[in-house]
Amino acid sequence: MGAGMTAADMQKSYIKIFGALMVFTLLTIVAAKFVHFPESWGGLSTILHVTIGLIIAIAKAWMVVYVFMHIKFDNPYLRVFIYIPLFLFCVLVFALTVLGGPTL
Amino acid sequence: MSSALSLAHEPVTGIRHGKLGMWIFLASEVMFFSGFFTAFIILRNSNLSVFAHGASELNWPLAALNTVNLIVSSLTMAMAILSLEHGNKSKFQLYMGITFLCACGFLVIKYIEYTTKFAHGIFPGTNSFFGLYFTMTGFHAIHVIGGMLPIGWMLAKSFTKRGYQDWERVEILGLYWHFVDLVWIFLFPVLYLIF
């Protein structure tokens, strides 16, 4: 497990991450359901909602991977299994949205 | 009992085979779900009104409750691994039990969501949005069930006379379980929220 981390330290960091995940869940709901941009913004409002939703989701995912899945404490070699699929996925999403035309 | 996992460390990576295998599997799972997200982006961009209308018919408070369910179960899974690593059997049983119950709760809520949709005459074939909604959440639910089987097995085994001490196996299961939570972290905003 984590170098120099006691069980109590680990437990503390798990609970911190748990709290952060709850707060971010609340945040993403508020941003999507209770924050309304002016009608005149049109498509930009949708783009903003999608972007905010995805940024919060990526932040949550990172916390889960980093602490719950022990990437923070484990052999750094394992990070290759995150960075490569993540990179490919980002390329895919970028190609489909930003390069895919003004349909967003 | 743990012969498959207690092999000498792989000489190059220094990572146990079981854990390395799970990470490779999870990388392939990322690809698997990426396919659905790709289909979602392409179909959404050519059917914006269908997708906006479909998403507005989903019950997001129930999905939010399910998000909490999975986050709690992720925490308890991490705690269960920690407890077993330090030989605390009763805490391991408590945390694994909560994890299992959260997974049950997730499936019950999913069942309510699905049956409500069916009652309103909404099926996977209704339109492209609901086709993807049922496919993505359905495959995710199958992953939840797939996780519950070993969780239940390890939990049941820990109540036997021999008990269950193999915390490294639980850690590998934990990787999978956190990944299931991770997929939901993306499904929740993409399907329910961002329209």
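Protein sequence lines correspond, in order, to chains U and H.
Each number in the working numbering corresponds to the 1-based position in the first sequence with 115 added.
Each number in the working numbering corresponds to the 1-based position in the second sequence with 324 added.
Glycine included, every Cβ here is placed at the ideal spot set by N, Cα and C.
Note that this is a predicted model, so its numbers are computed, not measured.
Of the residues H/L515, H/V504 and H/I365, the one placed nearest U/A210, counting alpha carbons only: As a position in the first sequence, residue 210 of chain U is number 95, starting the count at 1. Checking every option, the nearest Cα to that of U/A210 belongs to H/I365.
Alpha helix (DSSP H) runs contained entirely in the region 461-518 of chain H, provided each spans 4 or more residues: Entirely contained in the region 461-518 of chain H, the alpha helix (DSSP H) runs reaching 4 residues are, in chain order, 491-511.
Contact list for H/L425 against chain U, beta-carbon separation under 7 Å: Working through the second sequence from its first residue, we reach residue 425 of chain H at position 101. Those do not exist, as H/L425 stays about 17 Å from chain U at its closest Cβ, beyond 7 Å.
Among U/S155, U/R194 and U/F183, nearest to H/A351 - alpha-carbon criterion: Here residue 351 of chain H corresponds to residue number 27 of the second sequence, with the count starting at 1. Ranking U/S155, U/R194 and U/F183 by Cα distance to H/A351 puts U/R194 first.
Pairwise C-alpha distance: H/I518 and U/P200: As a first step, residue 200 of chain U must be located in the first sequence, where it is residue number 85. As a first step, residue 518 of chain H must be located in the second sequence, where it is residue number 194. Computed Cα separation, rounded: 24 Å.
H/G449 to H/H377 span [Cα, whole Å]: As a position in the second sequence, residue 449 of chain H is number 125, starting the count at 1. As a position in the second sequence, residue 377 of chain H is number 53, starting the count at 1. H/G449 and H/H377: Cα-Cα distance of roughly 15 Å.
Where U/L207 sits in the DSSP three-state scheme: Here residue 207 of chain U corresponds to residue number 92 of the first sequence, with the count starting at 1. Look at U/L207 here: in three-state DSSP terms it is helix.
Closer than 8 Å to chain U by CB, H/G338: Against the second sequence, residue 338 of chain H aligns to sequence position 14. For H/G338, the answer is yes, since a Cβ of chain U falls inside 8 Å of its Cβ.
At least 3 beta-carbon pairs within less than 8 Å: the region 420-428 of chain H vs the region 375-389 of chain H: no
Reduced DSSP category for H/P385 - H, G, I as helix; E, B as strand; rest coil: Locating residue 385 of chain H in the second sequence gives position 61, counting from the first residue. DSSP places H/P385 in helix when its eight states are reduced to three.
Chain U residues whose Cβ lies nearer than 7 Å to that of H/P474: For this step, residue 474 of chain H is matched to residue 150 along the second sequence. Those within 7 Å of H/P474 in chain U number zero; the least Cβ separation is about 17 Å.
H/P474 vs U/T143 beta-carbon contact at 8 Å: Here residue 474 of chain H refers to the residue found at position 150 when the second sequence is read from its first residue. Here residue 143 of chain U refers to the residue found at position 28 when the first sequence is read from its first residue. Contact: no.
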